[in-house]
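Listed in order, the protein sequences are those of chains Y and H.
Those letters in the first sequence? Residues 1 to 669, per the numbering used here, in order.
Those letters in the second sequence? Residues 1001 to 1314, per the numbering used here, in order.
Structure first, commentary second.
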Amino acid sequence: MKRKNRIGSRLFIGLTFLFLYLPIFLLIIFSFNAGESSAVWQGFSLDWYVSLFQNRLIMESLYTTLLVSLLATAISTVAGTFAAIGLYSLGKRKRDALLVVNDIPMMNADIVTGVSLCLFFVAFFQGWGSFARWFNGVQSAIELPERLVLGFGTMLLAHIAFNIPYVILNVAPKLRQMDKNLVDAAQDLGCTWMQAFWKVILPEIKPGIVSGALIAFTMSIDDFVISYFTAGSSTSTLAMRIYSMTKKRITPEVNAVSTLLFLSVLVLLVANNVREVRQERRAASQEIREPSFFEKLSMRFSQPSFNWVRRGLTGAMACAFIVVVVLLTGATASQPVVNVCSWGEYIDESLITQFEDMTGIRVNYQTAESNEALYSLLKSGGADYDVIVPSDYMISQLIEEGMLEELDYSQIPNFELIDQRFRNLPYDQSNKYTVPYAWGTLGLIYNAAMVDGELDSWGALYDEEYAGQVLLINNSRDALGAALIHLGYSVNTTDEAEIRAAFDLIADASRRGVFQGKVMDQVFQKMEGGNAAVASYYAGDYLSMLENQADGVDLRYVIPKEGANWFVDAMCVLKDAPHYDDAMKWINFMASTDANLANMDYIGYASPNTQALEAYPAYYEELYGEELDPELYEIMAAPSHVLERCEMYTVLPAATRKLYNDLWIELGA
Amino acid sequence: MRTKRAWFAFPYVVWMALFVVIPIVIMAVYAFTVTDPITNAAYATVENFTGMGVYLSVFLRSFWLALLATLVCLLIGYPVSYWMAKEGPRFQRVAMALIMLPMWMNFLLRTYSWMSILENNGLLNQLFQNIGVIDLHNSIGAWFTDLCNSIAIRFAEDPEKFIPTVYHPIRYFQLIGTPGAVVLGMVYNYLPFMILPIYSVIVKLDGSLVEAARDLGADGARVFSKVIFPLSLPGILSGVTMVFVPAVSTFAISQLLGGGTQMMLGDLIEAQFLGGAYDPHLGAAISMVMMVIVVVCMVVMNHFGEGEEQAVML
């Protein structure tokens, strides 16, 4: 009977491990996939590893992750150790009160810690800004920076803040166990306090310090939420990079980086395990079994006083440190930078390199998910952008709120190339703030293989026939806009009843399970792979999807009979942009005909540059050796009779915007 | 030493005040104020809290899914820890290594790995397709619809006008974007947080207590229910909190596996700060509520756990 039990229990444990590891193994297998799919095997290749090392964004974020973890670990270990010694020199009552405060960051949900720190930093920056302006006004000897933003520094502070409590938690029990008289004895024998610290205290509490440092490191390297809220826009850890990638196209480079991470941890653990087994054999003769690394690590979860095996992990730390140093030397020295924020999949990345080679200015290219998300980023003080590329209605709102800087058109000669149709548009009537970047329509995309007949109405988005196969666009303006058009209202209506009617249409469809999800750039992979049948998205992105569609998928784009929205995205510069002149250079470069041609070809959105618009069919033919399908070109650059059926968004009054926001949240709830 | 080195604590006190206490105070200030959208002036109010009723379903969903995930973690985690503790030391060491290992991979990577499995055209649905589960489902569905139709047509008043129900065959099972996918993601990510504390308590249990119980005539089930289980309660309690707190506040898992349709508290907070609906006051208010809930949970847990913890110490 006993034996039978054991088989059952082992089977259960085995199944649990299968559950834990099967997804990881699949992840690893598909890192060697020749194709881009993470579900269809297309042959073995190492291409994704090669492109991983060429992917600057991922490599930089890996470097940031290691650097912040190591720095935060080092600083919080030293600070935490001294704090613990200080705490144990206090009276019990004070100490207990402080330990309660010490528990707060460990107890709180990560998101609460992240949010509170984010608000704290932003409030501090505002205070600092006023102080610096006053200070710079009254004297001229020292110039203080007036504008601080979230970045690596704030993220590091946040990491230290949540690491110190763990260090204290680990060091404190060792201090409690230590014989208090030892230090007095040492000092009586003529030691200074410092000598006593090195010779007596440190050796006693060393296991606690080591375990504290290791926990701190683990916490730091695994953290996502707190970094996400405190790192701002220009700094990304690996986790943040992956998160933003899941919002658009995930390439198997992510699988490759996970495989490498997994293998390096695995090697460290196996090495450590082998060493432990050896130690154990040695110790067996003395009948003392040191608890293994994992037993010790596991104890942390029930009892604060646990030990860690030091050596294996000291080795790991040393290795990681060497990696960081190597990466550090490889990192670029201080050079001019321009921070750009745009949409995902919205630039031919070779243009960035081209611009960098040409001017020596480094481009820090970030993406935002939607106009609303960009606005949140700007408002929450997390953004450090020079150039942003918002859409028409958002530009008006930003101008209205005084957040944009006027452009110096004398530095942007290429503005002359912008077609008259795209100048002095309602969002920027006298054209002082913007240079158009791209334009297009927002229409209906469907997979003809999954629907019967041709679709020509927005109604398909709310049709129960496609339950579970419709993707709702994940921003309030576009989602409600389509519903408004379907109901025959203006996309710019401020009539609450009309907006509510449009919302009810969506909410009702949502209740009936029509929507598979709310997506922005995830739409690419969903539609290309045939994972969804109907979506509303931008014309340019439809063309990219068309190129990547899987076998058996037949994507179509249509401007529904009710009409649609057309938009212009334009480059603007934020007020107090730290790199104004470099930003002008970037804008001028992106407005050039060559850049517009390359970009048009890559992103599939129409350019506002007259020459580029005319030259594109020839450019396409030269590049691909075949004629550009005129129908596709019409989808890309909608002719005027189509544009006449489309309406551009204008900025909505604050009360309507609030209504949009509330309704949008209500939809999720 | 006692008095001389007390100043070491001073920078720490300042630090804690700056980076722990003041941020929470600022968050509270945000939570109890509102910025007027037109004049941009802030005024004190409790409307952030009173208006939260709209999000009741988000609160309920968060709690429901997190509770479910915690329960599943417990149901898997307890037997695993219990049986693991009975194995030999080498088995235990390897098993512990295997449980800890995924924790060093970023949890976003682990969640992402499930995305490609659960997609409509993902690995699981392909598997179902290949072994014929989907065809089976479709033929049963079609057969059942026909059956219903043939019964209904007999009772129809006018068989000529009877419109039979049409069965729409499915191409895949909807897995991603469901509450189940979110719970799965939580269980997958937080299971080690349940196993580790329970295991470390059970493995330290004094074997003589079990022996004593047996000597006094208790059978296996009785030993478990009267001795082992009560003694492992502290581990269970700490496991439950360690799973529940991150689960109830997650936003990445619900976004990746819930497809944006399973909004949770974390999503709600994130949307107010970095997402599509900028309102830091509301975000701060929800964070405050969450903090209070977590503190209440902790206090309740500690209250329950106190007696047993001392038993383990012995």
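For each residue, glycine too, the CB sits at the ideal point set by N, CA and C.
Would residue i count as contacting chain H if we go by Cβ distances under 8 Å?
i                : result
Pro304 (chain Y) : Low confidence applies to Pro304 (chain Y): its pLDDT is 37, below 50, so where it sits in the model is not reliable enough to give any reading.
Asp222 (chain Y) : yes
Val389 (chain Y) : no
Asp673 (chain Y) : Outside the displayed span of chain Y (1 to 669) sits residue 673 (chain Y), for which this structure offers no information.
Lys518 (chain Y) : yes
Trp308 (chain Y) : For Trp308 (chain Y), the predicted model reports a pLDDT of 40, less than 50, meaning its position is unreliable; a value from the coordinates is still stated below. False, the Cβ-Cβ gap to chain H never drops below 8 Å.
Asn661 (chain Y) : yes
Glu496 (chain Y) : no
Trp664 (chain Y) : yes
Pro105 (chain Y) : yes
Gly127 (chain Y) : no
Gly208 (chain Y) : no
Lys2 (chain Y)   : Here the model assigns Lys2 (chain Y) a pLDDT of 47, short of 50, so the residue's position is not dependable, and the following value carries that caveat. No, because no Cβ of chain H sits closer than 8 Å to the Cβ of Lys2 (chain Y).
Cys118 (chain Y) : yes
Under a CB-based cut-off of 8 Å, is residue i close to chain Y?
i                 : result
Ile1134 (chain H) : no
Asp1215 (chain H) : no
Ser1225 (chain H) : no
Trp1064 (chain H) : no
Ala1284 (chain H) : yes
Leu1205 (chain H) : no
Pro1280 (chain H) : yes
Met1105 (chain H) : yes
Met1084 (chain H) : yes
Thr1035 (chain H) : no
Tyr1030 (chain H) : yes
Gly1088 (chain H) : no
Arg1002 (chain H) : Its pLDDT being 44, under 50, Arg1002 (chain H) is placed unreliably by the model, and the measurement read from it follows with that caveat. Yes, because at least one Cβ of chain Y sits closer than 8 Å to the Cβ of Arg1002 (chain H).
Would you grab the beta carbon distance between residue i and residue j for me? Rounded to a whole angstrom, and I think it's under 8 Å.
i                : j                 : result
Lys432 (chain Y) : Glu406 (chain Y)  : 5 Å
Gly676 (chain Y) : Ala448 (chain Y)  : Since the first residue of chain Y shown is 1 and the last is 669, residue 676 (chain Y) is not available in this structure.
Ile635 (chain Y) : Tyr489 (chain Y)  : Not really, about 25 Å apart at Cβ, beyond 8 Å.
Gly443 (chain Y) : Val558 (chain Y)  : 6 Å
Ala39 (chain Y)  : Leu1231 (chain H) : Not quite, the Cβ-Cβ distance comes to about 46 Å (not below 8 Å), so this is no contact.
Ala591 (chain Y) : Ile347 (chain Y)  : That belief does not hold up - the Cβ atoms of Ala591 (chain Y) and Ile347 (chain Y) are roughly 13 Å apart, past 8 Å.
Ala564 (chain Y) : Ile506 (chain Y)  : No, Ala564 (chain Y) and Ile506 (chain Y) are not in contact; Cβ-Cβ is about 17 Å, not under 8 Å.
With hydrogens ignored, establish whether the beta-carbon of residue i is closer than 7 Å to any heavy atom of the ligand NAP.
i                : result
Trp134 (chain Y) : Annotation note on the ligand NAP: not contained in the displayed structure, which lists no ligands.
Would a C-beta distance cut-off of 8 Å place residue i and residue j closer than the cut-off?
i                 : j                 : result
Met1186 (chain H) : Ile1253 (chain H) : yes
Leu1274 (chain H) : Ala373 (chain Y)  : yes
Leu1191 (chain H) : Cys1073 (chain H) : yes
Ile395 (chain Y)  : Cys646 (chain Y)  : no
Gly208 (chain Y)  : Asn170 (chain Y)  : yes
Ala481 (chain Y)  : Gly540 (chain Y)  : Note on identity: in this sequence residue 481 (chain Y) is Gly, with Ala being the wrong assignment. No, Cβ-Cβ distance for Gly481 (chain Y) and Gly540 (chain Y) is not below 8 Å.
Leu471 (chain Y)  : Ala535 (chain Y)  : yes
Ser233 (chain Y)  : Cys341 (chain Y)  : yes
Glu464 (chain Y)  : Val514 (chain Y)  : yes
Val1243 (chain H) : Thr1035 (chain H) : no
Glu349 (chain Y)  : Asp521 (chain Y)  : no
Ser61 (chain Y)   : Leu261 (chain Y)  : no
Secondary structure, beta strand (DSSP E): runs of 3+ residues fully inside the segment 360-404 of chain Y
362-368
State whether the segment 424-442 of chain Y contacts the segment 491-502 of chain Y, with contact taken as three or more CB pairs (one from each stretch) at a distance under 8 Å.
no
Decide if the segment 177-189 of chain Y is in contact with the segment 111-119 of chain Y; the criterion is three or more beta carbon pairs, one per stretch, under 8 Å apart.
no
Three or more C-beta pairs under 8 Å: does that hold for the segment 224-243 of chain Y against the segment 1101-1113 of chain H?
yes
Should the segment 187-204 of chain Y be regarded as contacting the segment 93-111 of chain Y, the criterion being three or more beta carbon pairs within less than 8 Å?
no
Pairing CB atoms from the segment 618-628 of chain Y with CB atoms from the segment 365-381 of chain Y, are three or more of them under 8 Å?
no
Is it true that the segment 62-74 of chain Y meets the segment 147-157 of chain Y, where meeting means three or more beta-carbon pairs spaced less than 8 Å apart?
yes
Which complete beta strand (DSSP E) runs does the segment 499-574 of chain Y hold, if anything under 3 residues is left out?
515-519, 534-538, 555-558, 564-574
Please determine if the segment 249-264 of chain Y and the segment 74-88 of chain Y are in contact, where contact requires at least 3 C-beta pairs separated by less than 8 Å.
no
Does the count of Cβ pairs from the segment 1234-1243 of chain H and the segment 1155-1169 of chain H closer than 8 Å reach three?
no
Just to confirm the assignment: which complete beta strand (DSSP E) runs, minimum length 3, are found wholly within the segment 395-455 of chain Y?
435-447
I'd like to know if the segment 1023-1032 of chain H and the segment 1126-1143 of chain H are in contact, where contact means that at least 3 CB-CB pairs between them fall below 8 Å.
no
Segment contact flag, the segment 598-617 of chain Y with the segment 582-589 of chain Y, C-beta cutoff 8 Å, min 3 pairs:
no
Counting Cβ pairs closer than 8 Å, one from the segment 637-651 of chain Y and one from the segment 38-52 of chain Y, do we hit at least three?
no
Ordered list of alpha helix (DSSP H) runs contained in the segment 114-198 of chain Y, each at least 4 residues:
152-177, 181-188, 193-196
Quick one: complete beta strand (DSSP E) runs, 3+ long, within the segment 1038-1090 of chain H?
1042-1044
Any contact of the segment 1177-1186 of chain H with the segment 1056-1070 of chain H, i.e. 3+ C-beta pairs under 8 Å?
yes
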